[in-house]
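J.: Here the sequence shown stands for residues 1012 to 1355, numbered as in our numbering.
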Amino acid sequence: MRRGGVLILLIGLLLILGAIALFLFFPGAGGGLVGGPVPTSALPTEVPEVEVVRARVDIPANTVISDSVTLLDVITIPQTEFDPNQNFSRTSDLIGKLTTRPFRANEIIVAAALTNPGLSQQIPSAEPDRARDKAYPFIVNNLSGVADQIIPGDFVDVVATFSVPRRESYPTGQRLEEQGGVPVPVLERSLTDLTLNSTKTIVQRAQVLRIIRPQVSAEATPDPATAPEQSSSLPQVDASGQPIEPSSGQAPGEVTANTWTVLLAVNNQEIELMEFALASNARMVLVLRGAGDAAFEPTIGVTLDLLISEFGLPLPRSQPPQVVSEQEAFTPEPTRTPAPTRVP
């Protein structure tokens, strides 16, 4: 009986140890038992988050996004919800874009509703007490266009110099003319057509919207030294009548005789002034303003009489004419032989 009892105890102990090992290595085996261990599972992988641009406020359609601080906001969303073909992660990628449909506040900006703005959307909005500007094309060259140092967004003034014709009647002497049998002295005059200049700043604070340069031609470029001088408002042309195109490979600091079109934002009154100057063959040049210069500078213009009376230009006194004798006029002087060079 003792041996049988010991054997039963050993068998029970083995069963207990086997059950413990079963629960330790196979915890799911006892899940059906009351009070058994709770089955465990691995934690899901966390999805990383990325930044996406959304509308901070309501953005109407046909709006050029120029102020990213006021119009746009950046939030984070799960990477699985980010579409790289439609969504943006940086506000700088949307600067200068035009909305084709309205966006509500907190709505994510999508590329399908954006496009590049046309010239009409780039024209600045109307200022107080001033009509909205229009785009006006103005042809300049390397001199009238500030040596091609202007970029879109700059502000320029337009200065025009007009040629004004004047006829001068100058007394040359007197002659006796018989009138009714009585000799009467009559004053004789000579008529001379003069061309006087008048310079005035006709446009101030015109914004440069765009600069259009002609395509570079592979053909030989014209020689600037032989090109005729023309009005700054007209393009320079070659012998065939074609506009002179700019040459490639221009070194820094060099100015090439080019022509290009500058689109200016001006109102109707300023357009009329520039068109009148062009029709009068006036010389027109652009003057580049410094950054932040928004002042309107009143000027009185310049003519010769204003230059003398207002700005103190000294007027030279006429010198007596040189009287050349007959001997000096008709007797040639012998050619002088140069003296030999002396060594100091």
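Note that beta-carbon positions come from the ideal geometry of N, C-alpha and C, so glycine has one too.
(1) Could you give the first and the last residue of the continuous alpha helix (DSSP H) run that contains F1341?
(2) On the DSSP letters alone, give me the boundaries of the alpha helix (DSSP H) that E1286 sits inside.
(3) Excluding five sequence neighbours on each side, which residues of the same chain lie with their C-beta closer than 6 Å to the C-beta of T1272?
(4) Within 10 angstroms of its Cβ, does Q1330 collect 16 or more other Cβ (buried), or is it exposed?
(5) In three-state terms, what does DSSP make of Q1403?
(6) With a threshold of 16 other CB atoms inside 10 Å of the CB of S1155, please say whether the residue is buried or exposed.
(7) Count the other CB atoms, across all protein chains shown, that sit within 10 Å of the CB of D1168; report buried if there are 16 or more and exposed otherwise.
(8) Using only alpha-carbon positions, find the residue among R1200, G1191, Q1215 and Q1190 that is nearest to G1184.
(9) Between which two residues does the alpha helix (DSSP H) containing T1081 stretch?
(10) Closer than 6 Å by C-beta to L1109: which residues in its own chain qualify, once you throw out the five before and the five after it? Chain order, please.
(11) Going by C-alpha to C-alpha distance, which of L1082, G1107, R1065 and D1165 sits closest to Q1097?
(12) For S1103, tell me which candidate among L1274, P1089, P1059 and V1085 has the shortest Cα-Cα distance.
(13) Using CA atoms only, rank isn't needed, just tell me which of L1083, V1061, R1115 and Q1218 is closest to F1093.
(14) Could you tell me the boundaries of the alpha helix (DSSP H) in which Q1133 lies?
(15) Once the 5 residues before and after E1179 are set aside, which same chain residues still bring their CB inside 6 Å of it?
(16) Hey, out of G1303, L1297, T1087 and L1026, whose CA is closest to P1059's CA?
(17) Cβ of A1276 within 7 Å of Cβ of P1139?
(18) Write down every uninterrupted run of the alpha helix (DSSP H) in the segment 1114 to 1183 whose length is 4 residues or greater and which is fully enclosed by it, in chain order.
(19) Could you have a look at P1349 and say whether DSSP puts it in helix, strand or coil?
(20) Identify, in the order they occur along the chain, each residue of the same chain with its Cβ nearer than 6 Å to the Cβ of Q1215, setting aside the five sequence neighbours on each side.
(21) Any idea what DSSP makes of D1069, helix, strand or coil?
(22) Counting along the chain, where does the beta strand (DSSP E) carrying I1222 start and finish?
(23) Measuring alpha carbon to alpha carbon, tell me which of L1318, E1337 and D1165 ends up nearest L1274.
(24) Since L1317 is in the alpha helix (DSSP H), which residue starts that stretch and which ends it?
(25) For the candidate residues R1328, E1281 and T1212, whose alpha-carbon lies nearest to that of R1143?
(26) Looking only at its own chain, which residues have a Cβ that is under 7 Å from the Cβ of E1240, when we skip the five neighbours before and after it?
(27) Leaving out five residues before and five after I1070 in sequence, what residues of the same chain have Cβ atoms less than 7 Å from its Cβ?
(28) For V1068 and M1285, what's the separation of their Cα atoms in angstroms?
T.: Let me spell this out:
(1) First-last of the alpha helix (DSSP H) with F1341: E1337 to F1341.
(2) N1279 to A1290
(3) So the qualifying residues of the chain are P1148, I1150 and I1223.
(4) Exposed, because fewer than 16 other Cβ atoms sit within 10 Å of the Cβ of Q1330.
(5) No answer is possible for residue 1403: it lies beyond the span of the chain, which begins at 1012 and ends at 1355.
(6) buried
(7) buried
(8) R1200
(9) S1079 to L1082
(10) Within the same chain, L1109 has close Cβ partners V1075, T1126, P1128 and Q1132.
(11) For the set L1082, G1107, R1065 and D1165, the Cα lying nearest the Cα of Q1097 is the one of R1065.
(12) V1085
(13) V1061
(14) L1130 to Q1133
(15) T1203 and L1205
(16) T1087
(17) no
(18) 1130 to 1133
(19) coil
(20) Around Q1215: D1168 and F1307.
(21) coil
(22) That run of the beta strand (DSSP E) goes V1193 to I1223.
(23) Closest in C-alpha terms to L1274, from the list L1318, E1337 and D1165, comes D1165.
(24) Segment L1315 to S1320, the alpha helix (DSSP H) holding L1317.
(25) E1281
(26) Note that E1240 has pLDDT 47, beneath the 50 cutoff, so the model's placement of it is unreliable and no number is given.
(27) L1082, T1110, P1113 and F1114
(28) 41 Å
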